[in-house]
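Enquirer: Mind looking over this structure? Questions follow.
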Amino acid sequence: MFITTATRWLRRCDMRLASGEVVVGILEKMVKVADVLSEESAAPLDTMSQGSDDVEVRVDHQEWIRKLNWERTTLTEQYGALYRRLLHALEKAYKCNKLCGDQKRIRELLHDVLEVSHNECGPICEVDGCPWIGHDEPFNLPFHDECDLLSKSTAAGAHGGERLSESEPLSSSGPQSSSSSQPVVSSDSPEGLAHAEPHRTVSHEGLPTPAINTSEHWSSRCSFLATEHNTRRHAMGRVREARSMDELTRPGVTRLEPGRQSSWG
Numbered sequence: 001m002f003i004t005t006a007t008r009w010l011r012r013c014d015m016r017l018a019s020g021e022v023v024v025g026i027l028e029k030m031v032k033v034a035d036v037l038s039e040e041s042a043a044p045l046d047t048m049s050q051g052s053d054d055v056e057v058r059v060d061h062q063e064w065i066r067k068l069n070w071e072r073t074t075l076t077e078q079y080g081a082l083y084r085r086l087l088h089a090l091e092k093a094y095k096c097n098k099l100c101g102d103q104k105r106i107r108e109l110l111h112d113v114l115e116v117s118h119n120e121c122g123p124i125c126e127v128d129g130c131p132w133i134g135h136d137e138p139f140n141l142p143f144h145d146e147c148d149l150l151s152k153s154t155a156a157g158a159h160g161g162e163r164l165s166e167s168e169p170l171s172s173s174g175p176q177s178s179s180s181s182q183p184v185v186s187s188d189s190p191e192g193l194a195h196a197e198p199h200r201t202v203s204h205e206g207l208p209t210p211a212i213n214t215s216e217h218w219s220s221r222c223s224f225l226a227t228e229h230n231t232r233r234h235a236m237g238r239v240r241e242a243r244s245m246d247e248l249t250r251p252g253v254t255r256l257e258p259g260r261q262s263s264w265g
């Protein structure tokens, strides 16, 4: 609710004419909301209802940051310290993947506003050793994808290592032993399987079945086809050389001598 209201206020308010006390109060509330976003297990879209028809209007965090970026010059000049505090809170929430909206667009907006707020009025920040001081990223990088300052992979190191428990690094000395009964899946590339020896496979009933030797299978198949072909040739020869239907169907019939003509009576 507050994010939607604050976004509307940013859109309609003239920062140059607004009361400084009012602006400071709203910015402080924004800082608290941004801090909460980075701690919550989820960050749903902020919603509110307006109008006589009770129409629900959704404003995501991307729009909120876009309005803060739009007023960045005035906010940096008049409320620099509080403004930078808010941006750092949003930076933390972004790295923790808690901001809703187009992540590439949010990254681009955050990068622009953090860079300007730390350098437009001189390299200054209330955070000791802030990496944004003096930071100048080329504008030809799309969405600042290659800038490490907003890399989500650095969230754990930058904010107390909250995510270190999610994945443990592998030891450089080799794979670690495990007492788990789960099967181990090899990470070998598919190309490495081409030279592997044939193994026994398991059928759906759970009984092992031998693997098929491909070369022996095709050899047996070719031998069967050759035998069947010879049998058919012999039968056709009997049809051509038989003198009558009785001779063709009589058991133990012998083939005609070469040069002897056949007749069908």
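Residue numbers for the sequence shown follow the UniProt record's numbering, beginning at 1 and rising by one. We put the CB at the ideal spot given by N, CA and C, even for glycine.
1. In the DSSP assignment, find the alpha helix (DSSP H) that holds Ala34 and state where it starts and stops.
2. Counting only beta-carbon atoms, is Lys67 nearer than 8 Å to chain B?
3. In whole angstroms, give me the CA-to-CA distance for Ala6 and Trp64.
4. Grouping DSSP H, G and I as helix and E and B as strand, with all else coil, what is His61?
5. Using only alpha-carbon positions, find the residue among Asp148, Ala34 and Gln62 that is nearest to Cys100.
6. Do Ala89 and Asp35 have their beta-carbon atoms positioned less than 8 Å apart in this structure?
7. Just checking my contact of Phe2 with Val24 at CB under 8 Å: how many whole Å lie between their CB atoms?
8. Exposed or buried, which one is Glu21 when buried takes at least 16 other CB atoms within 10 Å?
9. Taking just the CA atoms, how far does Asp60 sit from Leu82?
10. Looking at the secondary structure, which residues open and close the alpha helix (DSSP H) in which Lys92 lies?
11. On the three-state DSSP scale, how would you describe Arg16?
12. What does the Cβ neighbour count give for Val113, buried or exposed, with the cut at 16 atoms within 10 Å?
Expert: A quick look at the data gives this:
1. Start at 1 with the first residue of the sequence shown, and residue 34 comes out as number 34. First-last of the alpha helix (DSSP H) with Ala34: Gly20 to Leu37.
2. Although the question refers to chain B, the structure presented lacks it and comprises just one protein chain.
3. As a working note, residue 6 is residue 6 in the sequence shown. As a working note, residue 64 is residue 64 in the sequence shown. Rounded to the nearest angstrom, the two C-alpha atoms are 8 Å apart.
4. Walking along the sequence shown from the start, residue 61 turns up at place 61. His61 falls in the helix class under three-state DSSP.
5. Stepping through the sequence shown from its first residue, residue 100 is reached at position 100. Ranking the options by Cα distance to Cys100, first place goes to Gln62.
6. In the sequence shown, counting from the first residue as 1, residue 35 sits at position 35. In the sequence shown, counting from the first residue as 1, residue 89 sits at position 89. Yes, Cβ-Cβ distance for Asp35 and Ala89 is below 8 Å.
7. Walking along the sequence shown from the start, residue 2 turns up at place 2. Walking along the sequence shown from the start, residue 24 turns up at place 24. So it is not a contact: roughly 16 Å between Cβ atoms.
8. To locate residue 21, count along the sequence shown from 1; it is residue 21. Flag for Glu21 reads exposed.
9. Here residue 82 refers to the residue found at position 82 of the sequence shown. Here residue 60 refers to the residue found at position 60 of the sequence shown. Whole-angstrom Cα-Cα distance: 22 Å.
10. Translated into positions along the sequence shown, residue 92 becomes position 92. Counting along the chain, the alpha helix (DSSP H) containing Lys92 begins and ends at Arg72 to Lys95.
11. Mapped onto the sequence shown, residue 16 falls at position 16. Three-state result, Arg16: coil.
12. Start at 1 with the first residue of the sequence shown, and residue 113 comes out as number 113. The residue in question, Val113, is buried, as its Cβ has 16 or more Cβ neighbours within 10 Å.
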